[in-house]
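Going by the working numbering, the sequence shown opens with residue 412, and the numbers climb by one from there.
We treat Cβ as the ideally placed atom computed from N, Cα and C, and that holds for glycine.
Here the structure comes first, spelled out in structure tokens, and everything after it is commentary.
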Amino acid sequence: WKQELVTFSEFLERIRSHSCSPGGPTYLAQHPLFDQINELRRDIFIPDYCFAGGGELRSLNAWFGPAGTVTPLHHDPHHNILAQVVGKKYIRLYPASVSEELFPYSETMLSNSSQVDLDDVDERKFPKVQDLEFVDCILEEGEMLYIPPKWWHYVRSLTTSLSVSFWWSEGESSSPS
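Following this line, the structure appears as structure tokens:
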């Protein structure tokens, strides 16, 4: 894959025409789109859950792309609600307790990402991955999924898809002493 800076209208044209960039399908991933297009931001309501216990919104991002786009297995540091606006996504979740068995990269910048390619697991290199328990689902339009901090997740778009993620941290009053 590769990152490429394009105008939003060019991005939409690529999605509409089903054309790929040289690095694979065109995918707007973890992008602060709503900070850039105020008209879209007015349509987004932050779920009350994000403020429970004195919580604070950390990030509001868009995920937009054609069928087949993948977010590889990784975990995030904050609570996350993934809201499916358009299309369907397959999501697989592993609890934080199995982190070592998912072989995170040792480099600091990638330490939240797994070396395991769930689309093509190398069973010689990662023999126990196939035996790990996981939860999976298909997230459809209008549905939301809560992903706890540090839970590993893999996401694949089954159709053209638009999702919004709400990351938040707990307030000091709800943190354990």
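- May I ask you to list the residues that DSSP assigns as paired with D495? Reading off the sequence shown, one finds Gln at residue 495, where the question assumed Asp. Answer is S574.
- DSSP on G464, reduced to helix/strand/coil? Helix.
- Query: Which term fits K500, buried or exposed, when burial requires 16 or more other beta carbons within 10 angstroms of its beta carbon?
  - Reply: Buried: at least 16 other Cβ atoms inside 10 Å.
- Message: Could you tell me which whole beta strand (DSSP E) segments of length 3 or greater appear in the stretch 502-583?
- Response: Within the stretch 502-583, the complete beta strand (DSSP E) runs of at least 3 residues fall at 546-550, 555-558, 563-568 and 572-580.
- Item | Inter-residue spacing [alpha-carbon to alpha-carbon] between E552 and D459 | The straight-line gap from Cα to Cα measures roughly 20 angstroms.
- Message: Could you compute how far the alpha carbon of I558 sits from the alpha carbon of G465?
- Response: Answer to the nearest angstrom: the Cα atoms are 18 angstroms apart.
- On a CA-only basis, which of D446, F456, N491 and T480 is nearest L573? Give me that one, please. The option with the nearest alpha carbon to L573 is T480.
- Inter-stretch contact (C-beta, 8 angstroms, three-pair minimum) for the stretch 539-554 and the stretch 461-475: With contact defined as three or more Cβ pairs closer than 8 angstroms, the stretch 539-554 and the stretch 461-475 are not in contact.
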